[in-house]
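Some notes on the structure that comes next.
Protein chains: 2
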Amino acid sequence: MRISELAKATGVSVASIKYYLREGLLPEGVRSSPTQADYGDAHVRRLGVIRALIDSGVSVAEVRRVVAMLADPPENPNDLLGAAHAAVTPPVDDDVDTASAQELIAGLGWQPGLCDDATVAAIARALQNIERAGFAMPSAVAAEYVDAMRRIADAEIAHVPLSSPDEAVRYVVLGSVLVEPLLLSLRRVAEQIASGRRFADGVTESPD
Amino acid sequence: MRISELAKATGVSVASIKYYLREGLLPEGVRSSPTQADYGDAHVRRLGVIRALIDSGVSVAEVRRVVAMLADPPENPNDLLGAAHAAVTPPVDDDVDTASAQELIAGLGWQPGLCDDATVAAIARALQNIERAGFAMPSAVAAEYVDAMRRIADAEIAHVPLSSPDEAVRYVVLGSVLVEPLLLSLRRVAEQIASGRRFADGVTESPD
Numbered sequence: 001m002r003i004s005e006l007a008k009a010t011g012v013s014v015a016s017i018k019y020y021l022r023e024g025l026l027p028e029g030v031r032s033s034p035t036q037a038d039y040g041d042a043h044v045r046r047l048g049v050i051r052a053l054i055d056s057g058v059s060v061a062e063v064r065r066v067v068a069m070l071a072d073p074p075e076n077p078n079d080l081l082g083a084a085h086a087a088v089t090p091p092v093d094d095d096v097d098t099a100s101a102q103e104l105i106a107g108l109g110w111q112p113g114l115c116d117d118a119t120v121a122a123i124a125r126a127l128q129n130i131e132r133a134g135f136a137m138p139s140a141v142a143a144e145y146v147d148a149m150r151r152i153a154d155a156e157i158a159h160v161p162l163s164s165p166d167e168a169v170r171y172v173v174l175g176s177v178l179v180e181p182l183l184l185s186l187r188r189v190a191e192q193i194a195s196g197r198r199f200a201d202g203v204t205e206s207p208d
Numbered sequence: 001m002r003i004s005e006l007a008k009a010t011g012v013s014v015a016s017i018k019y020y021l022r023e024g025l026l027p028e029g030v031r032s033s034p035t036q037a038d039y040g041d042a043h044v045r046r047l048g049v050i051r052a053l054i055d056s057g058v059s060v061a062e063v064r065r066v067v068a069m070l071a072d073p074p075e076n077p078n079d080l081l082g083a084a085h086a087a088v089t090p091p092v093d094d095d096v097d098t099a100s101a102q103e104l105i106a107g108l109g110w111q112p113g114l115c116d117d118a119t120v121a122a123i124a125r126a127l128q129n130i131e132r133a134g135f136a137m138p139s140a141v142a143a144e145y146v147d148a149m150r151r152i153a154d155a156e157i158a159h160v161p162l163s164s165p166d167e168a169v170r171y172v173v174l175g176s177v178l179v180e181p182l183l184l185s186l187r188r189v190a191e192q193i194a195s196g197r198r199f200a201d202g203v204t205e206s207p208d
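This is how it looks when you write it as structure tokens:
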């Protein structure tokens, strides 16, 4: 199909498609004349991935790394997950003290070398921001965070499809990134419902 | 203290402090001369909050709404949570179909009116992006997301301190926002550990 038909099929404007071509997110079509190229179903699918990632807040540079991985996947799903996380993890300056972070993730069975340093540094940075704001996170709540994330990760990894490397890559890369906005908004709904339940009658629990 | 001393006490540069003053995030100090103002401990605490929010990815406009709420808190913690979420929720165009979102959060005990529409729309948008990317989220995993977020929210809301409205506001506003980066990076560590466990020996589970 021509670029105008690709735009129609995906709901992505011709201008955006040209931008993704220039940025190397979308592979070139097959030249059919000096001014025209032909696009196929692979382009339609790739555009769906690109738009979903960008709409989820992933940067163009990160999308480029993700689609490169989809095109040339690591063989072992375990290498894959590290690479997927690295692709969408902004670099963290590593002058942050990771002692409290390490203590927290010991509850996940963490040991040095079991996951990449950037993610541990991201936890340390988050904890530092929480402390700097003077927010006292109750330890029972922190324990619930660790436990809930362990359950989630166990369910996710148990469902990595092994039918083909392609499928495993899609599952791991897209699943880690695209689910983040879902989890955060689910938490907000859950908080509002729990709060409504606890404070339905205002702050003071009246005896009647 | 003078602005240079405030900078020293907080590790925030004079230029940034002046920017926060201009943007209305930080209240003016007490004028001590035509060219000098005096700052106190409240400024030190406020700067800690501002920097923590900005470093967590909250926009200047959102920080302004959060600090306004800290200065003039709603009386009922339940109103507070909705207001806190509204302050840090980017407007979502509401032309999104929320049917699947509503089905998912029915598992949280959601009913119309129990939480704000913007958050439900955010869930719908996240689900739409997941679908658009061609990512098939296993229903068992989706159920785990819902359950994990319910546990987290229940623990968080159970710990809202009622000692003073100020404390409740700090807990709810800062807790909802500042914990988000922590949760996302905890999930990534948990995924890498679970993946290491499942795929330690490569994709094929060899019998030995």
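Residue numbers (full-length UniProt numbering), protein chains in the order written: chain S, 1 to 208; chain F, 1 to 208. Glycine residues also receive a C-beta, built at the ideal position from the N, C-alpha and C atoms. Quick caveat: nothing in here was measured; it's all calculated off a predicted structure.
Check whether chain S comes within 7 Å of G57(F), counting only Cβ atoms and requiring the distance to be less than that. no
Using a Cβ-Cβ cutoff of 9 Å, what residues of the region 136-152 of chain F are near chain S? List them in chain order. A136, M137, P138, A140, V141, A142, A143, E144, Y145, V146, D147, A148, M149, R150, R151 and I152
Whether R150(S) touches A140(F) by CB criterion (7 Å): In this structure, R150(S) keeps its C-beta atom at 7 Å or more from the C-beta atom of A140(F).
Under a three-way DSSP split, which group does D95(S) fall into? Looking at D95(S) - three-state DSSP - the assignment turns out to be coil, as it is neither helix nor strand.
First and last residue of the alpha helix (DSSP H) that includes Q128(F)? D117 to R132
With DSSP as the reference, please indicate the residues paired to V37(S) in a beta bridge. Residue 37(S) is actually Ala in this sequence, not Val. Paired residue(s): R31(S).
Output the distance between the C-alpha atoms of R198(F) and M69(S), rounded to the nearest integer angstrom. 21 Å
Under 7 Å from the C-beta of H43(S): neighbouring residues of chain F: Under the 7 Å cutoff, chain F gives no residues; its nearest Cβ is about 13 Å from H43(S).
Kindly confirm or deny that the region 129-140 of chain F and the region 168-186 of chain S touch, where touching means at least three C-beta pairs closer than 8 Å. Between the region 129-140 of chain F and the region 168-186 of chain S, the count of Cβ pairs shorter than 8 Å is three or higher; the stretches touch.
Chain F contact residues for V49(S), given Cβ-Cβ distances below 9 Å: R132, A133, G134 and F135
For D79(S) and P73(F), the rounded distance between their alpha carbons: 48 Å
Check the C-beta distance from I193(F) over to L108(S) and give it rounded, since I have them as a contact under 8 Å. 6 Å
Grab me the residues of G82(S)'s own chain with a C-beta within less than 8 Å of its C-beta, minus the 5 sequence neighbours each way, in chain order. C115 and D116
Using a Cβ-Cβ cut-off of 8 Å (strictly less than) and excluding sequence neighbours within five positions of V58(S), which residues of its own chain qualify? In the same chain as V58(S), and ignoring 5 residues on each side of it, the C-beta atoms closer than 8 Å to its own belong to V66, V88 and V177, in chain order.
Mapping the DSSP letters down to three states, classify A62(F) as helix, strand or coil. Note on residue identity: the sequence assigns Glu, not Ala, to residue 62(F). In the structure shown, E62(F) sits in a helix (DSSP, three-state: H, G or I).
For V160(F) and A168(F), what's the separation of their Cα atoms in angstroms? 6 Å
Flag I193(S) as yes if its beta-carbon sits less than 7 Å from any beta-carbon of chain F, otherwise no. Yes, contact with chain F.
DSSP on P112(F), reduced to helix/strand/coil? coil
Interface residues of chain F facing S176(S) [CB-CB closer than 9 Å]: R187, R188 and E191
So, with DSSP's three-state summary, where would you put D208(S)? The predicted model places D208(S) with a pLDDT of 38, which falls under 50 and marks its position as unreliable, so this point remains unresolved.
Is there at least one Cβ from chain F nearer than 7 Å to L26(S)'s Cβ? no
Taking the alpha carbon of A84(S) as the reference point, which residue from Q111(S), A118(S) and I105(S) has its own alpha carbon closest? A118(S)
List, in chain order, every chain F residue whose beta-carbon is nearer than 8 Å to that of P181(S). A122, R125, A126 and N129
Which residues in chain F have a C-beta closer than 7 Å to the C-beta of G109(S)? List them in chain order. I193
Quick one: grab the DSSP three-state call for M137(S). It is coil, neither helix nor strand.
Tell me which same chain residues have a C-beta within less than 6 Å of the C-beta of P181(S), skipping the five on either side of it? S56
Count the other CB atoms, across all protein chains shown, that sit within 10 Å of the CB of E23(S); report buried if there are 16 or more and exposed otherwise. exposed
Listing by chain order, which chain F residues have their CB less than 8 Å from the CB of T119(S)? S185, R188, V189 and Q192
Closest residue to A101(S) among L53(S), Q111(S) and L127(S) (Cα-Cα distance): Closest by alpha carbon: L127(S).
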